[in-house]
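**Student:** Below are the structure tokens for one structure; questions will follow.
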Amino acid sequence: MMNFRKFLFFLFLSFSIPSSAQDLDWVLPFHTNNVHISSVHTTNIETTSKNEIVVVIKPHQISLSSVQKIKEDGNLMWRKEPKSEKIIGFFDLKCDSSNNIYLTGFFTDFMIWEADTIVSNGRTDFVIKLNEHGEIIWLRKLNLAATHIMIKPDQSVVLWCHAFIKNPIIENLNGNEQLHLDYEQNYGFLSYSPEGNYQWHRFHESLIMGHQFINCKITDNEIYVFSPFRGEVDVETGSGKTVISGNTEAKNYYLAKYDLEGNFDWVEVLRFGGNYVNNLLMMDVSQDGNILISGSYEGNVNINFKGEKHTLKTAENRNWFMASYDPSLKLIWSSIFESPMTWYTMNLKAHKNNIYLYGNYISGTDLDPSQNEFSMKNKGCFFAEYKQDGSFSSARVFPQKQEKYDSKFSDIIFDNHQNLYISGFTYANNLDFDAGKESHYLHGPENESMGFLAKYKYCHKPVDILEQFDLGHCGKKMTSLVALNDKEPVIWYQDGMVVHNGPMYILPKALNQPVRFTVEDGCGQTDEIQVSRQERSTKFIRAYPNPALEYFDLKLESIKPGLADVHLINNLGQTVYTANKTLIDGIQDFRIPVSGIKTGLYYLRIQTECFVHTEKIIISGN
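As structure tokens, then:
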């Protein structure tokens with residue numbers, strides 16, 4: 001039985017994206033009237049289950065804000081541009097599992113959205129739910145700023161908010177609701193049902209340094225909030241108090257954990273002493289539940305939340321670091337990225353079993369914390385991939401022509417086909433979007449700033465080789481899977497096997513001849529085995545319908561009799577369905593019942609004697 005860690009490793013083989021295996025597919029410009037560089041930038045992108053991209057355009061002239069949906073081929077599906085004579089701005093964007101779209105933002109006096117006119121007195125914040133066609137399902141006016149959106153597993157929405165007044169009024173399904181808060185400055189959670197009805201709120205007093213520095217992350221079981229603060233802050237939502245303190249002249253960060261109803265669990269603090277950290281720290285949670293933090297520091301700082309100090313190497317100007325903590329906040333590993341210059345930006349995102357850093361750089365920045373330096377020259381943008389243990393995997397650099405102009409990668413996301421999308425802003429004729437291959441620039445008048453959305457196509461072309469070897473000890477067998485992409489074939493070993501020698505990575509040319517390596521089985525015995533190319537005896541044709549309601553039919557083609565193991569695995573690595581099917585010569589259909597399985601995204605895994613296939617299946621309606 002494959003354990004969860006091996007399951008994640010298997011997903012890495014099947015779905016992860018080495019940066020070197022991505023090719024530019026298209027890049028779209030977003031123009032606005034030849035103004036300053038910050039005037040047009042895209043800072044939020046989401047993908048739907050149909051591999052459509054939703055993007056929010058946030059110009060400096062924020063009355064021109066818009067939300068757009070774009071097809072996988074780069075063609076526009078629809079564009080919604082709310083109108084106002086004054087100000088309209090967006091904070092955050094999220095899509096739920098039904099492809100509905102949530103937006104938060106604010107307007108002054110009135111906002112016209114299609115045929116609807118929303119009137120208010122002065123500044124009004126809002127949360128809006130759109131269907132997949134961009135039509136309003138509901139809109140709620142708020143007397144507080146909802147800067148972060150989180151979607152719970154039950155599809156209700158949780159907003160992280162900043163209340164500027166003591167008793168703000170929010171709009172409910174059947175009227176208005178007044179929230180009674182204890183302080184003049186309140187931060188916390190506000191929840192709405194999928195139908196737009198107020199559910200609950202949890203707030204606390206806080207002197208946080210602006211919403212743009214806060215990271216909120218929701219999982220299936222908890223909510224994490226990572227935020228800078230100064231002085232004393234009460235982070236406990238509800239009637240209790242948990243006060244933390246930090247240097248009043250420096251930026252300290254707290255990491256707090258809450259349940260899905262916003263109830264406080266625990267808080268820990270990173271104190272940076274007298275070293276003021278100008279650039280924000282970033283936080284994300286990996287698929288295995290570990291907490292990732294990256295950011296800049298000066299001098300020497302302790303990055304351990306608790307226990308013995310873990311002091312980073314002293315930085316004369318500014319270095320960057322990345323660290324991983326287990327769910328109990330025990331430090332697992334840390335890495336340092338040295339930079340002789342004073343600044344650049346680095347954003348953090350966890351995806352599948354990998355870690356991604358992206359942003360913009362200046363000359364001398366090193367992306368590889370190991371001995372193999374990957375240094376970037378001049379100015380430009382970058383995208384780098386790291387393995388789960390923090391080791392450098394690959395990177396791609398996008399240089400600028402002119403140093404006097406700035407470019408920035410604002411957000412990244414992957415679709416279901418593992419294509420990569422990057423949003424940001426740049427100047428015309430300045431940033432090379434396909435550096436190292438065929439140069440590609442966005443054209444326009446000199447000095448014109450523009451936002452952009454770029455797609456990099458997943459170019460993984462797998463060749464699966466599966467062989468079983470009887471090691472002769474304890475009756476155990478070893479299964480080796482070689483997943484070949486354009487650059488790096490990787491060998492996967494079955495549970496209980498330890499590799500003593502032989503390649504972890506093998507060159508493509510080696511697949512034309514046997515590759516030998518030594519393994520140890522669970523009994524402590526060793527054998528030398530070899531892997532060579534082997535034709536598949538089973539072919540996956542399709543699973544349909546997908547999404548599935550009560551069942552789906554699995555169609556396989558086999559050229560010899562045998563057995564097929566069929567597993568449905570949820571995103572936690574748990575097997576929710578298993579069956580053994582007998583194969584005969586020819587094409588066969590197998591019906592897989594799913595009526596008792598919860599709605600969600602699952603991985604269908606099929607394994608025969610010489611074939612492994614993994615397919616995404618959506619179960620809907622349960």
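Position 528 of the sequence shown, counted from 1, bears residue number 528 in our numbering, the numbering being contiguous throughout. Virtual Cβ for every residue (Gly too), placed ideally from N, Cα, C. Remember, it's a predicted structure, so these values are computed and weren't measured experimentally.
Label I101 either buried or exposed according to how many other C-beta atoms from any shown protein chain fall within 10 Å of its C-beta, with 16 as the threshold for buried.
**Tutor:** With 16 or more Cβ atoms within 10 Å of its Cβ, I101 is classed as buried.
**Student:** Starting from the C-beta of I541, find all residues in its chain whose C-beta is less than 8 Å away, skip the five residues before and the five after it, and write them out in chain order.
**Tutor:** Within the same chain, I541 has close Cβ partners K555, L556, E557 and I587.
**Student:** Report all residues from its chain with a CB closer than 8 Å to the CB of G359; omit the five preceding and five following residues, and keep chain order.
**Tutor:** Counting only Cβ-Cβ distances below 8 Å, and skipping sequence neighbours, we find Y344, T345, M346, N347, C381, F382, K408 and F409.
**Student:** With L28 and F414 assumed to form a contact (beta carbons below 8 Å), what rounded beta-carbon distance in angstroms separates them?
**Tutor:** The pair is not a contact, with the Cβ atoms about 18 Å apart (cut-off 8 Å).
**Student:** Going by DSSP, which residues form a beta bridge with G562?
**Tutor:** According to DSSP, which records beta bridges pairwise, G562 is partnered with L583.
**Student:** State the Cα-Cα distance for the pair G331 and Q199, rounded to the nearest angstrom.
**Tutor:** Contrary to the premise, residue 331 reads as Leu rather than Gly in this sequence. Rounded to the nearest angstrom, the two C-alpha atoms are 36 Å apart.
**Student:** Identify, in the order they occur along the chain, each residue of the same chain with its Cβ nearer than 6 Å to the Cβ of I214, setting aside the five sequence neighbours on each side.
**Tutor:** S227, listed in sequence order.
**Student:** Below 8 Å on the Cβ atoms is my contact criterion, and I expect D284 with K217 to pass it. Report the Cβ-Cβ distance as a whole number of Å.
**Tutor:** Right, the Cβ-Cβ distance comes to about 6 Å (below 8 Å), so this counts as a contact.
**Student:** Rounded to whole angstroms, what's the CA-CA distance from S49 to I57? Just pull it up for me.
**Tutor:** About 21 Å.
**Student:** In terms of DSSP beta bridges, what is A145 paired with?
**Tutor:** The partner list for A145 (beta bridge, DSSP) reads H162.
**Student:** Report buried or exposed for Q402, applying the criterion of at least 16 other Cβ atoms within 10 angstroms of its Cβ.
**Tutor:** It counts as exposed.
**Student:** So, with DSSP's three-state summary, where would you put F203?
**Tutor:** Of the three classes helix, strand and coil, the one that applies to F203 here is strand, per DSSP.
**Student:** State the Cα-Cα distance for the pair T608 and N75, rounded to the nearest angstrom.
**Tutor:** So the two alpha carbons sit approximately 41 Å from each other.
**Student:** D565: buried (16+ other C-beta within 10 angstroms of its C-beta) or exposed?
**Tutor:** That one is exposed.
**Student:** Using 10 angstroms around the beta-carbon of S394, count the other beta-carbons present and answer buried if the total reaches 16, otherwise exposed.
**Tutor:** Buried is the call here.
**Student:** If contacts are defined as beta-carbon pairs under 8 Å, then E338 and D366 qualify, I think. What distance do you get, rounded to the angstrom?
**Tutor:** That pair is a contact at about 5 Å.
**Student:** Drop a sphere of 10 angstroms on the beta-carbon of E298, count the other beta-carbons inside from all chains shown, and report buried for 16 or more, exposed for fewer.
**Tutor:** E298 should be labelled buried.
**Student:** Where does the unbroken beta strand (DSSP E) through R605 begin, and where does it stop?
**Tutor:** G600 to T608 is the extent of the beta strand (DSSP E) around R605.
**Student:** Could you check if S296 is buried or exposed, using at least 16 other CB atoms within 10 Å of its CB as the buried criterion?
**Tutor:** Buried is the call here.
**Student:** Could you tell me the alpha carbon to alpha carbon distance between F590 and P561, rounded to whole angstroms?
**Tutor:** Spanning the two alpha carbons is a distance of roughly 15 Å.
**Student:** Sort E46, V157 and T147 by Cα distance to W138 and report the nearest one.
**Tutor:** Residue V157 is the option with its Cα nearest to W138.
**Student:** Inspect the beta-carbon positions of V600 and N580 and report whether they are closer than 8 Å.
**Tutor:** Checking the sequence shown, residue 600 turns out to be Gly, not Val. No. Outside cutoff.
**Student:** Are the CB atoms of T108 and S84 within a distance shorter than 8 Å?
**Tutor:** For S84 and T108, yes; Cβs fall inside 8 Å.
**Student:** Is it buried or exposed, V67, if we count other Cβ atoms within 10 angstroms and call 16 or more buried?
**Tutor:** By the neighbour-count rule (16 or more Cβ atoms within 10 Å), V67 is buried.
**Student:** Looking at the secondary structure, which residues open and close the beta strand (DSSP E) in which S334 lies?
**Tutor:** Where S334 is concerned, the enclosing beta strand (DSSP E) stretches over L331 to F337.
**Student:** Applying the 10 Å Cβ sphere with the 16-neighbour rule, what's the burial state of N51?
**Tutor:** Label assigned to N51: exposed.
**Student:** Let's see if you can read the secondary structure: which residues bound the beta strand (DSSP E) around G299?
**Tutor:** Here the beta strand (DSSP E) through G299 covers I291 to G299.
**Student:** Using the rule of at least 16 other Cβ atoms within 10 Å of the residue's Cβ for burial, across every protein chain shown, is I617 buried or exposed?
**Tutor:** Flag for I617 reads buried.
**Student:** To the nearest angstrom, how far is the alpha carbon of Q534 from that of H613?
**Tutor:** Any answer about Q534 is weak, because its pLDDT of 46 lies below 50 and its placement is not dependable; what the coordinates show is given next. Straight-line Cα distance between these residues: approximately 15 Å.
**Student:** Here's the rule I'm using: 16 or more other beta-carbon atoms within 10 Å means buried, otherwise exposed. How should V482 be labelled?
**Tutor:** Because the pLDDT at V482 is just 44, under 50, the model does not fix this residue reliably, and the value given afterwards should be weighed accordingly. The residue in question, V482, is buried, as its Cβ has 16 or more Cβ neighbours within 10 Å.
**Student:** Please work out which residues of its chain come closer than 6 Å, Cβ to Cβ, to P82, disregarding the five sequence neighbours upstream and downstream, and give them in chain order.
**Tutor:** So the list reads I88, M111 and W113, once near-sequence residues are dropped.
**Student:** Mind checking which residues open and close the beta strand (DSSP E) that includes P228?
**Tutor:** From DSSP, the beta strand (DSSP E) with P228 extends over E222 to F229.
**Student:** Run the CB neighbour count on V225, radius 10 Å, all protein chains shown included, and call it buried at 16 or more, exposed below.
**Tutor:** So V225 counts as buried.
**Student:** Does the Cβ-Cβ distance between K166 and L181 come in under 8 Å?
**Tutor:** Yes, Cβ-Cβ distance for K166 and L181 is below 8 Å.
**Student:** Alpha carbon to alpha carbon, how far is Y602 from I136?
**Tutor:** Roughly 30 Å separates the two Cα atoms.
**Student:** Determine the DSSP secondary structure at F637, reduced to helix, strand or coil.
**Tutor:** For the chain, the structure presents residues 1 to 622; residue 637 sits outside this window and is missing.
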